[in-house]
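With the first letter of the sequence shown counted as 1, position 41 gets the number 55 in my numbering; the numbers rise by one all the way through.
Heads up: the structure comes next, in structure tokens.
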Amino acid sequence: MVEKKSKEEAFDCPVGAFFKELNGVFGKRSQFFDHMTQSKVEFLKGIRSLVDERIENLEKKRSTRAGKKMTNIKVE
15 MVEKKSKEEA
25 FDCPVGAFFK
35 ELNGVFGKRS
45 QFFDHMTQSK
55 VEFLKGIRSL
65 VDERIENLEK
75 KRSTRAGKKM
85 TNIKVE
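So, in structure tokens, the structure goes:
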């Protein structure tokens, strides 16, 4: 009979482990973590600006289509 492993293998993200270690050494109130928090905010604001720009482009495209009218062309 095949034995089942009782322990699951777990893989930790090296970057996450690095930040966890830093948090343990310096605490969350260090300047480093203040900068990291601010960078997360700036990153999300950048994403928001991209989304807002895309929404504006789609709305402009829709409004220009609404303004166009068909014209009949007589073909001989």
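All C-beta atoms, glycine included, are put in the ideal place defined by N, C-alpha and C.
Alpha carbon of E90 to alpha carbon of K83, nearest angstrom
The residue you call residue 90 lines up with position 76 of the sequence shown. The residue you call residue 83 lines up with position 69 of the sequence shown. Distance between the alpha carbons of E90 and K83 is about 22 angstroms.
Return the CA-CA distance between D48 and V55, expressed in angstroms with no decimal places.
For the purposes of this step, residue 48 is taken as residue 34 along the sequence shown, with counting starting at 1. For the purposes of this step, residue 55 is taken as residue 41 along the sequence shown, with counting starting at 1. Looking at the two C-alpha atoms, the distance is approximately 11 angstroms.
Would you grab the beta carbon distance between F40 and F33 for me? Rounded to a whole angstrom, and I think it's under 8 angstroms.
Taking the sequence shown and counting its residues from 1, one reaches residue 40 at position 26. Taking the sequence shown and counting its residues from 1, one reaches residue 33 at position 19. With a Cβ gap of about 10 angstroms, F40 and F33 do not count as contacting.
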